Amino acid sequence: MEVVIKMEYVLKVDRQGRVVLPVELRRELGVKDGGSIIIKKKNNRVYIDVKRELEDEVKRWKEKIKGMKVKAGGIGRAESRWVSEEWSRKKLGIRA
Numbered sequence: 278m279e280v281v282i283k284m285e286y287v288l289k290v291d292r293q294g295r296v297v298l299p300v301e302l303r304r305e306l307g308v309k310d311g312g313s314i315i316i317k318k319k320n321n322r323v324y325i326d327v328k329r330e331l332e333d334e335v336k337r338w339k340e341k342i343k344g345m346k347v348k349a350g351g352i353g354r355a356e357s358r359w360v361s362e363e364w365s366r367k368k369l370g371i372r373a
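Take any residue in the sequence shown, count from 1 to its spot, add 277: that is its number in my numbering.
Here is the structure:
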């Protein structure tokens, strides 16, 4: 498996072990002021992942869904609320 590196930064670590992520990287990753990241160590490598807040993820998915052209369909005579277009839109907060 080949690893592709889009960006590479050389960062300084201060006496207290802090590292400042460059603004371009924070923007691309969606790390906001006061946001959280996850640091993982595997062998001799360090991995940084963005900790997404549930509310932010829900908003992101809602925006994604709003842009989709999806139509819920019925299942014939035995149509249930689980596949009703009206019910699906109501639950997702999408206006017709």
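Note that CB positions come from ideal geometry on N, CA and C, so glycine has one too.
Predicted model, so just to flag it, every value in this text is computed and none were measured.
| Neighbourhood of residue 324 by C-beta, 6 Å cutoff - its chain only, sequence neighbours within 5 removed | Only 317 meet the Cβ criterion.
| Span of the beta strand (DSSP E) around residue 314 | Where residue 314 is concerned, the enclosing beta strand (DSSP E) starts and stops at 313-319.
| query | Is residue 314 closer than 8 Å to residue 335 when the C-beta atoms are compared? | reply | In this structure, residue 335 keeps its C-beta atom at 8 Å or more from the C-beta atom of residue 314.
| said: Need the endpoints of the beta strand (DSSP E) that residue 339 sits in, please. | reply: First-last for residue 339: 331-343, but that is the alpha helix (DSSP H), not the beta strand (DSSP E).
| request: Determine the closest residue to residue 345 out of 332, 321, 371, with distance taken between C-alpha atoms. | output: For the options 332, 321, 371, the alpha carbon positioned closest to that of residue 345 is the one of 371.
| query | So residue 306 packs on residue 297, CB below 8 Å; how close in whole Å? | reply | About 14 Å separates the CB atoms of residue 306 and residue 297; that is not less than 8 Å, and the two are not in contact.
| Who does residue 324 pair with in a DSSP beta bridge? | The partner list for residue 324 (beta bridge, DSSP) reads 317.
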